[in-house]
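Read through the structure below, which is laid out as structure tokens, and then see the notes.
Number of protein chains: 2
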Amino acid sequence: MTTEVQSPRQPSVRQLQRLETRRSLAGHAIRLFSEKGFDQTTVEEIAVAAGVSTRTFFLHFPTKAAAAFPDHGERVEDFVLRLNSGTPFVNPLSQLRSVLLAGFDTTSPSRLARYALLSKVPELRDEDARTDRDYEEAIAEFLERHWGHSAEAVVRANAVSNAVIGVVRATLSAAGAQGLDARAVTAEILGRLLGTPLEEPLHSM
Amino acid sequence: MTTEVQSPRQPSVRQLQRLETRRSLAGHAIRLFSEKGFDQTTVEEIAVAAGVSTRTFFLHFPTKAAAAFPDHGERVEDFVLRLNSGTPFVNPLSQLRSVLLAGFDTTSPSRLARYALLSKVPELRDEDARTDRDYEEAIAEFLERHWGHSAEAVVRANAVSNAVIGVVRATLSAAGAQGLDARAVTAEILGRLLGTPLEEPLHSM
DNA sequence: GTAATTGGTACAGTGAGTGCAGTTAATACC
DNA sequence: GGTATTAACTGCACTCACTGTACCAATTAC
Numbered sequence: 001m002t003t004e005v006q007s008p009r010q011p012s013v014r015q016l017q018r019l020e021t022r023r024s025l026a027g028h029a030i031r032l033f034s035e036k037g038f039d040q041t042t043v044e045e046i047a048v049a050a051g052v053s054t055r056t057f058f059l060h061f062p063t064k065a066a067a068a069f070p071d072h073g074e075r076v077e078d079f080v081l082r083l084n085s086g087t088p089f090v091n092p093l094s095q096l097r098s099v100l101l102a103g104f105d106t107t108s109p110s111r112l113a114r115y116a117l118l119s120k121v122p123e124l125r126d127e128d129a130r131t132d133r134d135y136e137e138a139i140a141e142f143l144e145r146h147w148g149h150s151a152e153a154v155v156r157a158n159a160v161s162n163a164v165i166g167v168v169r170a171t172l173s174a175a176g177a178q179g180l181d182a183r184a185v186t187a188e189i190l191g192r193l194l195g196t197p198l199e200e201p202l203h204s205m
Numbered sequence: 001m002t003t004e005v006q007s008p009r010q011p012s013v014r015q016l017q018r019l020e021t022r023r024s025l026a027g028h029a030i031r032l033f034s035e036k037g038f039d040q041t042t043v044e045e046i047a048v049a050a051g052v053s054t055r056t057f058f059l060h061f062p063t064k065a066a067a068a069f070p071d072h073g074e075r076v077e078d079f080v081l082r083l084n085s086g087t088p089f090v091n092p093l094s095q096l097r098s099v100l101l102a103g104f105d106t107t108s109p110s111r112l113a114r115y116a117l118l119s120k121v122p123e124l125r126d127e128d129a130r131t132d133r134d135y136e137e138a139i140a141e142f143l144e145r146h147w148g149h150s151a152e153a154v155v156r157a158n159a160v161s162n163a164v165i166g167v168v169r170a171t172l173s174a175a176g177a178q179g180l181d182a183r184a185v186t187a188e189i190l191g192r193l194l195g196t197p198l199e200e201p202l203h204s205m
């Protein structure tokens, strides 16, 4: 048998070319957004710079803004994975808290570049808010899975997820601008939000 | 109909006609969004229904989506006014908390209609998030005015405002769908977030 | 009564995003 | 090896949100 050994999967020439096109489109998009501004950059310019047709751009990204954050999907997936895996955790809130705080370390260049771009190109903030909603949904789903699906649990899960993402968004963007220890501030505010003694359950449940 | 000197200004015929055009545009926009969906409604349809030209629509609203929430500006102004006025308050967080909770009462038909529309027309959620950011900015500005403008105060003000609006957004939308007491859940989570005991006065109005 | 202002119009244009019918090259199958 | 299939990409025509500009008509100011 021609054993199809594709544990991580052997990338075909096609897949590699597609990946390379996508990477090139995103790279030129980010560069042009930074250099000329978002509104002053047309999709056609991005496509030409990447050596493909305008139509191809929209085969890779649903909107012009989406090209600015090409790895968003993977990052959400990774976040969900870390939320659900790992050592059996004490309670969902402490797990959420430690995964969030751990995320501050893994800010390779990717997340820093993201916020640098955002502070430079304000028109992308809408796109940023839209991507944040994916995290909110992931967190809400995670909490509901542990708290049950009663009306109150659902409302509470959504409230907590929105609040938590709001805190992270504020500290990441503001701390980047102000040169502050975002992690420390986040840790404190999250501690207050999620219950400082992490073992203590939310009482009205 | 003579010499009726209004408190701020006597509305001229022009102003009244402009107001009426705006009202009509918004009304038909909301109706058409509800009936046919957001994407299936063109700006031209809205304009024709209101008896004006397409160009006129954009003299009243910057985007198609903005017509769905015509009173947004006034509502933010009103919110800021209530934040800053009133009896001299103990501390900014308790003031913020009581103004927010008081807002749950004054949800005349306006806010309920807003959320009914949102649950019916998901494409408007981006617009909703955009308008929420005005509240976030107002709250952050308010807190900074009381906490000072040190780097840490700024970060903290933004974190709190984002979190608070996140909680309100979740409870208002989810509670509307689940028929729950949004105010009670909000009160508890805000109490935990803002560090104020739940027994403090909720009335404030 | 005349002039300036204002709400609205007509028209032409830009650019994002979509549907569809190809073309070429990689891959699967025999 | 040869053939059929498929996947990335292209070209083109189209819709529609939104803008700039010149213009009209009615109101309001002087």
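In order, the protein sequences belong to chains A and B. Numbered by UniProt numbering, the letters in the first sequence go through residues 1 to 205 in order. Numbered by UniProt numbering, the letters in the second sequence go through residues 1 to 205 in order. Beta carbons: idealized from backbone N, C-alpha and C, even for Gly.
Nearest neighbour of residue i, chosen from the options [CA to CA]
i, options, result
"Gly51/B", "Arg192/B, Ala26/B, Ala116/B and Val185/B", "Ala26/B"
"Ser161/A", "His60/A, Leu193/A and Leu172/A", "Leu193/A"
"Phe33/B", "His149/B, Ala66/B, His60/B and Pro62/B", "Ala66/B"
"Gln178/B", "Ser119/B, Ala187/B, Ala159/B and Leu124/B", "Ser119/B"
"Ala153/B", "Ala140/A, Thr171/A and Ile30/A", "Thr171/A"
"Leu59/A", "Val43/A, Gly37/A and His72/A", "Val43/A"
"Leu101/A", "Asp181/A, Glu127/A and Gly37/A", "Asp181/A"
"Glu74/A", "Leu96/A, Arg111/A and Leu124/A", "Arg111/A"
"Ala175/B", "Ala187/A, Arg183/A, Ser173/A and Arg156/A", "Arg156/A"
"Ala159/A", "Ile139/A, Ser173/A, His146/A and Gly148/A", "Ile139/A"
"Leu124/A", "Leu190/A, Pro88/A, Asp78/A and Phe38/A", "Phe38/A"
"Arg133/B", "Ser24/B, Ile46/B and His72/B", "His72/B"
"Ala57/B", "Ala187/B, Ser24/B and Val185/B", "Here residue 57/B turns out to be Phe, not Ala, going by the sequence shown. Measuring from the Cα of Phe57/B, the nearest candidate turns out to be Ser24/B."
"Gly191/A", "Glu137/A, Thr131/A, Ser173/A and Leu96/A", "Leu96/A"
"Leu146/A", "Glu188/A, Phe89/A and Ala129/A", "The question names Leu, but residue 146/A is His in the sequence shown. Taking only the C-alpha atoms, the option nearest His146/A is Phe89/A."
"Val80/B", "Ala184/B, Glu45/B, Glu141/B and Ile189/B", "Glu141/B"
"Val48/B", "Pro70/B, Thr21/B, Phe69/B and Ala68/B", "Thr21/B"
"Gly103/B", "Ala29/B, Thr186/B and Thr131/B", "Thr186/B"
Cβ neighbour criterion (16 or more within 10 Å) applied to residue i
i, result
"Leu16/B", "exposed"
"Thr41/A", "buried"
"Arg114/A", "buried"
"Val13/A", "exposed"
"Leu143/A", "buried"
"Phe53/B", "The amino acid at residue 53/B is misidentified as Phe; the sequence shows Ser. It counts as exposed."
"Pro92/A", "buried"
"residue 279/B", "No information on residue 279/B is available, as it lies outside the stretch 1 to 205 that chain B covers here."
"Asn84/A", "exposed"
"Glu35/B", "exposed"
"Thr87/A", "exposed"
"His149/B", "exposed"
"Arg116/A", "The identity of residue 116/A in the sequence shown is Ala, whereas the question assumes Arg. When all chains shown are included, Ala116/A counts as exposed."
"Glu136/A", "buried"
"Arg31/A", "exposed"
"Thr63/B", "exposed"
"Arg55/A", "exposed"
Where residue i sits in the DSSP three-state scheme
i, result
"Phe104/B", "coil"
"residue 210/B", "The structure shown does not extend to residue 210/B, since chain B is modelled only from 1 to 205, so the question has no answer here."
"Val160/A", "helix"
"Asn91/B", "coil"
"Val52/A", "coil"
"Asp128/A", "helix"
"Pro122/A", "helix"
"Thr146/A", "The question names Thr, but residue 146/A is His in the sequence shown. Of the three classes helix, strand and coil, the one that applies to His146/A here is helix, per DSSP."
"Leu194/B", "helix"
"Leu180/B", "coil"
"Gly86/B", "coil"
"Gln15/A", "helix"
"Asp78/A", "helix"
"Thr63/B", "coil"
Contact test: residue i Cβ vs the ligand COA heavy atom, cutoff 7 Å
i, result
"Ala163/A", "What this structure holds is no ligand at all, so the ligand COA is not there to describe."
Check whether the stretch 159-166 of chain A touches the stretch 161-175 of chain B, counting contact only when three or more Cβ pairs, one atom from each stretch, lie closer than 8 Å. yes
Select from the stretch 149-165 of chain B all residues with a C-beta closer than 8 Å to any C-beta belonging to chain A, and list them in chain order. Ala151, Glu152, Val154, Val155, Arg156, Asn158, Ala159, Val160, Ser161, Asn162, Ala163, Val164 and Ile165
Got a sec: which bits of the UniProt domain "HTH tetR-type" (19-79) of chain A sit with their beta carbon under 9 Å from any beta carbon on chain B, in order along the chain? none
What are the residues in the stretch 112-138 of chain B lying within 7 Å of chain A by C-beta distance? Asp126, Ala129 and Arg130
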